[in-house]
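Engineer: What follows is a structure written as structure tokens; I'll ask about it next.
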Amino acid sequence: MTDNALMGLVSNGEVAKMAVLFERHHRPLFRYFVSMNRNRELSEDLVQDVFFRMLRYRASYDPNQSFTAWMYQIARNANVDQAQKRRGEVVGIDEFDDRRPEPASEAMGPEENAARGQDLALLKRALDRLPSDKKEILVLSRFQDMKYEDIAALLGCEVGTVKVRVFRAMRALEQAYFALAGEKSA
Amino acid sequence: MTCDETKLLLTDYWSQTLDEKQELAFEAHIATCEACHAEAERLGVLWNNLALIPGVSKEFEPGVNLRSRFYETLGAYRQGMEAAPKHSLWDRILALWPKQPAWQMGVSFALLVIGVGVGTQLRPDRQPSLNAQPAAPELAQLRGEVSSMRQMVALSLLQQQSPGERLRGVSYAYQAPSSDTEVLSALLRTMNQDDSVGVRLAAVDALRQFGSSPVTRAAIIQSIAKQDTPLVQIALIDLLVDLRAKEAAPELVKLAADEKVNASVRSHAKSAIEKLS
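Here the protein sequences come in this chain order: A and B. Counting in the numbering used here, the first sequence runs from 18 upward without gaps. Counting in the numbering used here, the second sequence runs from -8 upward without gaps.
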């Protein structure tokens, strides 16, 4: 059964069907929040919040609308709300810097693995330096594998505009990446 | 294909989602345009590496607690729904509400016009006899349904993980009637067990409306010794004074004499004993 059909049933009172949607989407949603906030605990809270909001506002779901776009609209709102609440707190500690090992390939030697790890760490920092709109469009298109049509519905623009924004965000990422690489080698 | 058109197809090219015709045109362009070819290569490496960043790659999983928390919330929500009357008049009214903003505005305007018209016709100076009419049974039923909806929302929110949501649950609890034992027991549980001091304090305030019940007063008295924060203990003592709960005196005497208890709490207890005597 499609997501839209399932959410339509939830909207009509079969709230138990929300469990299926949770199983399908909680991981991508979690990675979306981690990508945006770099905080595991907060991201788990936000995923929980999104599913609760979907239950609470289930009557407002229009089955003709893309479920993915609707869910990410709620996720964006939840993210904005928590950012407003946390304004003034000390945030931005990247918990993954120390705890998560960089991905390594068995085919690579130790030096190549180390170099690859450093490249990815630099790329992650470059991504975090981007303005939030550029970062978000890369997160949605690259990490969440969202269709351009869904991103366009979410952002309220044309598909062509989404493609232009992704391209601009990639260029900005490249500039940030090389700026960081320059700082590092200087 | 122009350079600008090529740029719009870059992500599709990297993701290999171009159709055959587009792919041929794209490759034909980058074979002849050095700048586009170099950009496609450079950005393509970054695009591929993005998926390998730790913390966002597909292997990165949330903790197991997330699932259990979700199912707890879903269970509580379903329980709340089952407790509410099914296919109520309120649900039917909500179902009639259009989803399109334009229709919503239209219906709102029409209702406003009807409301003003009916209100003008039924003004007390024109129809004094209407004042004596009893409320329609549908209205009473509707009020009952709204009340149980509020109860359901309060109970669901009080079980949330986020302190902010639980605070909202407490604020919903204010709208519950003082006879609502389910909301009362949820508030008492929050007062005794919530991790957040702020939420516990809010629950203490919300319990004021249930203060006429001996059960509530006894639970508040017992809760003082269980609290680990002077702030909450002082709030509980103040509440007992406001409720003129004279039966709290023995517990307050014990509290005032206990040297292990925070000094401010003890002095507050002493002053409460005087006020209640």
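We put the CB at the ideal spot given by N, CA and C, even for glycine.
Cβ of B/L149 less than 8 Å from any chain A Cβ?
Structural biologist: No, its Cβ sits nowhere closer than 8 Å to a Cβ of chain A.
Engineer: Between B/L34 and the rest of its own chain, which residues show a CB-CB distance below 7 Å, the 5 nearest in sequence each way excluded?
Structural biologist: Closer than 7 Å at the Cβ level, and outside the excluded window around B/L34, lie L1.
Engineer: I want to know whether the stretch 27 to 42 of chain A touches the stretch 30 to 45 of chain B - three or more CB-CB distances under 8 Å.
Structural biologist: Touching, no.
Engineer: When the Cα atoms are used, what is the spatial distance from A/V67 to A/A95?
Structural biologist: Rounded to the nearest angstrom, the two C-alpha atoms are 7 Å apart.
Engineer: Please return the same chain residues whose Cβ sits closer than 6 Å to the Cβ of A/M24, not counting the five positions on each side in sequence.
Structural biologist: Around A/M24: Y78, F84.
Engineer: Out of curiosity, what's the CA-to-CA distance linking B/C24 and A/M53?
Structural biologist: The straight-line gap from Cα to Cα measures roughly 36 Å.
Engineer: Can you tell which of A/G173, A/G199, A/G177 has its C-alpha closest to the C-alpha of A/A86?
Structural biologist: Of the listed residues, the one whose Cα sits closest to A/A86 is A/G173.
Engineer: With distances taken Cα to Cα, identify the nearest neighbour of B/L230 among B/A145, B/A209, B/D196, B/K251.
Structural biologist: That would be B/D196, whose Cα lies nearest to the Cα of B/L230.
Engineer: Taking the Cβ atom as the reference point for each residue, do A/A186 and A/L155 lie within a distance shorter than 8 Å?
Structural biologist: A contact, by the Cβ cut-off of 8 Å.
Engineer: Specify, as a first and last residue, the run of the alpha helix (DSSP H) that B/K(-2) falls within.
Structural biologist: First-last of the alpha helix (DSSP H) with B/K(-2): -6 to -1.
Engineer: Count the other CB atoms, across all protein chains shown, that sit within 10 Å of the CB of B/A242; report buried if there are 16 or more and exposed otherwise.
Structural biologist: It is Glu, not Ala, that sits at residue 242 of chain B in the sequence shown. Flag for B/E242 reads buried.
Engineer: In chain order, what residues of the same chain have a beta carbon less than 6 Å from the beta carbon of B/Q200, not counting five sequence neighbours either side?
Structural biologist: The answer, listed in chain order, is S169.
Engineer: Would you list, in chain order, the members of the stretch 13 to 25 of chain B that have their beta-carbon closer than 7 Å to a beta-carbon of chain A?
Structural biologist: Flagged: no residues at all.
Engineer: Thinking C-alpha only, which one of A/V51, A/A92, A/H43, A/M163 is nearest B/F61?
Structural biologist: Minimum Cα distance to B/F61 is reached at A/H43.
Engineer: For A/E61, return the contacting residues in chain B, with the cut-off set at a CB-CB distance below 9 Å.
Structural biologist: The answer, in chain order, is P53, G54, N56, L57, R60, Q152.
Engineer: Using three-state DSSP, classify A/Q161 as helix, strand or coil.
Structural biologist: In this structure, A/Q161 counts as coil in the three-state DSSP scheme.
Engineer: Could you check what DSSP says for A/R116 in three-state terms: helix, strand or coil?
Structural biologist: Because the pLDDT at A/R116 is just 39, under 50, the model does not fix this residue reliably, and the value given afterwards should be weighed accordingly. Residue state, collapsed to three classes: helix.
Engineer: Does the beta carbon of B/G155 sit closer than 8 Å to a beta carbon anywhere in chain A?
Structural biologist: Cβ-Cβ to chain A under 8 Å: yes for B/G155.
Engineer: Who are the Cβ neighbours of B/G71 in its own chain at under 6 Å, not counting the five residues just before and after it?
Structural biologist: Cβ within range, chain order: M143, L146, S147.
Engineer: Between the C-alpha atoms of A/R55 and B/L37, what's the straight-line distance to the nearest angstrom?
Structural biologist: Taking the straight line from one Cα to the other gives about 20 Å.
Engineer: Round the Cβ separation of A/D62 and A/R41 to the nearest angstrom and send it over; I've been treating them as touching at under 8 Å.
Structural biologist: Incorrect: roughly 20 Å between the Cβ atoms, too far for contact.
Engineer: At 9 Å on the CB atoms, spell out the chain B contacts of A/G177, in chain order.
Structural biologist: Within chain B, the residues near A/G177 are L(-1).
Engineer: Answer yes or no: do A/K180 and A/Y194 have a C-beta to C-beta separation smaller than 8 Å?
Structural biologist: Result no, Cβ atoms of A/K180 and A/Y194 do not sit closer than 8 Å.
Engineer: If A/Q65 and B/Q152 are in contact, beta carbons under 8 Å, what's the gap, nearest whole angstrom?
Structural biologist: Indeed, because the Cβ distance is near 6 Å, the residues count as touching under 8 Å.
Engineer: Classify B/W88 as helix, strand or coil using the three-state DSSP reduction.
Structural biologist: B/W88: coil per DSSP, three-state reduction.
Engineer: With DSSP collapsed to three states, give me the class of B/A153.
Structural biologist: With the sequence shown as reference, residue 153 of chain B is identified as Ser, and Ala is not the correct amino acid for it. Looking at B/S153 - three-state DSSP - the assignment turns out to be coil, as it is neither helix nor strand.
Engineer: Under a CB-based cut-off of 8 Å, is B/P89 close to chain A?
Structural biologist: Taking Cβ atoms only, chain A never reaches closer than 8 Å to B/P89, which makes this a no.
Engineer: Consider the Cβ of A/K180: report whether some Cβ of chain B lies at a distance smaller than 8 Å.
Structural biologist: Chain B, which has a Cβ nearer than 8 Å to the Cβ of A/K180, makes this yes.
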